[in-house]
Amino acid sequence: MATALRAVPESLAPGSKLIEQNEEFRTKFDKYSFAFRHNLVGHPVFELGRLMELAQETQSTRPADLYYDAGTIDVNQRWDKTPRPEFSARDAIQRIEHCGAWIVLKRADKNPEYGMVLKECMAELQEFTGLNLDRVMKIQEVILFVTSPKRVTTYHIDRECSLLLQIQGDKHISIFDRNDREVLSEEEIERFWSVDHNAPRYKTELQHHAMVYELRPGNGVHIPVNCPHWVQNGNDISVSMNVNFQYRDTMRANLYRLNFVLRKMGLQPTPPGTSVAKDKVKSVAVLPLVWAKNLSRGRKPWA
Ligand SMILES: [Fe+2]
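All residue numbers for the sequence shown refer to the numbering used here, where the first residue is -12 and numbers rise by one.
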């Protein structure tokens, strides 16, 4: 049976926060990556036994929220070409030391214990950034990662903005600037938003463009939307928590989708953010595309 929990563990001094504030939350949030400290190490919800229970619960009640694979992974491996193991997620956690696994427990916050942690983190983040996150964020969730020693998490970009908090083990995360067009081209971003989540490709010769953060228990890092990143796990099992949020505003994503179509027609579209006037015109022009896409998915056009 799970331990009864508060979001902030009793072991911390009264009034303690889960995340330690620093000035960069206000100056760099969703623009640049930055490091911070947190107080979640030793929190009972992140013990391996508890995570095993959560993996089992997720597999039986929300199978779509559980992802795991195992094997040797290259930094440029495509998600859809990753070897899938024959064993269960629970077995993967049991064998985690030797099976080269990467286990992802999405929407962990649907469990009230992790839900409390998410609520507290979001409240602190709102305070640190000075932003009304409840108003601008569409989805807020906790994703837990349990990773085997030495395992690589492939190079990719996300549509979400996130805080990655290291709980157990250590790893290095390389994070690139999303505005570095040598690293991440307009075409790659357009393909990512339109047709291929694996569109951005890692370029070994540009590794020195990355900020490399050492994640030890108690360290955290902020990853803005679309900032390319990849992870090299250390010699031990790693447990980390991702506080993930997606913006309600889809304008930038839709502009990239329209630019994808325009480029296919042989044009050289203006990148979003270059011209406010062009962005406004294009954000209206793209609506039929969005409606058609929603309809093809059985949703309301304006959903
Ligand atoms: Fe990511």
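Note that beta-carbon positions come from the ideal geometry of N, C-alpha and C, so glycine has one too.
Small disclaimer: the values here were computed from a predicted structure and weren't measured.
| Check | Outcome |
| --- | --- |
| Could you tell me which of Arg168, Lys93 and Phe179 sits nearest to Val133, measuring between CA atoms? | Lys93 |
| Quick one: Cα of Gly221 to Cα of Glu201, how far? | 10 Å |
| Kindly list the residues whose CB is nearer than 8 Å to the CB of Glu7, restricted to its own chain and excluding five residues on each side of it in sequence; keep chain order. | Phe23, Arg24, His25 and Asn26 |
| With 16 other CB atoms within 10 Å as the buried threshold, where does Ala279 fall? | exposed |
| Closer than 7 Å: is that where the CB of His143 sits relative to any heavy atom of ligand 1? | yes |
| Going by other Cβ atoms of all chains shown within 10 Å of its Cβ, with 16 needed for buried, is Ser149 buried or exposed? | buried |
| Distance, Cα to Cα, Asp96 vs Leu105? | 7 Å |
| Decide if Trp180 is buried, meaning its Cβ has at least 16 other Cβ atoms within 10 Å, or exposed. | buried |
| With three or more beta-carbon pairs closer than 8 Å as the criterion, would you say the stretch 25 to 45 touches the stretch 65 to 79? | yes |
| For Gly2, which of helix, strand or coil comes out of DSSP? | coil |
| Ligand 1 and His216: does the residue's C-beta get closer than 7 Å to at least one heavy atom of that ligand? | yes |
| Between which two residues does the alpha helix (DSSP H) containing Asp78 stretch? | Ala76 to Gln81 |
| Should Val268 be flagged as near chain B, meaning a C-beta pair shorter than 8 Å? | Although the question refers to chain B, the structure presented lacks it and comprises just one protein chain. |
| Determine whether the beta carbon atoms of Tyr243 and Glu177 lie at a separation below 8 Å. | yes |
| Is the number of C-beta pairs between the stretch 198 to 213 and the stretch 126 to 143 that are closer than 8 Å three or more? | no |
| For Leu5, count neighbouring Cβ atoms within 10 angstroms of its own Cβ and tell me buried if that reaches 16, exposed if not. | buried |
| Look up Ala57 in the DSSP assignment and say whether it is helix, strand or coil. | strand |
| Could you tell me whether the Cβ atoms of Ile144 and Pro211 are closer together than 8 Å? | no |
| At what residues does the beta strand (DSSP E) containing Tyr200 begin and finish? | Met198 to Leu202 |
| Within its chain, find whatever has a CB closer than 7 Å to the CB of Ser20; leave out the 5 residues flanking it on each side and keep chain order. | Ile162, Met198, Val208, His209, Ile210, Pro211 and Cys214 |
| Taking C-alpha atoms, which residue in Ser3, Asp266, Val263 and Pro275 lies nearest to Glu111? | Ser3 |
| Using the Cα positions of Asp56 and His195, report the straight-line distance between them to the nearest angstrom. | 29 Å |
| Where does His85 sit, in a helix, a strand or coil, going by DSSP? | coil |
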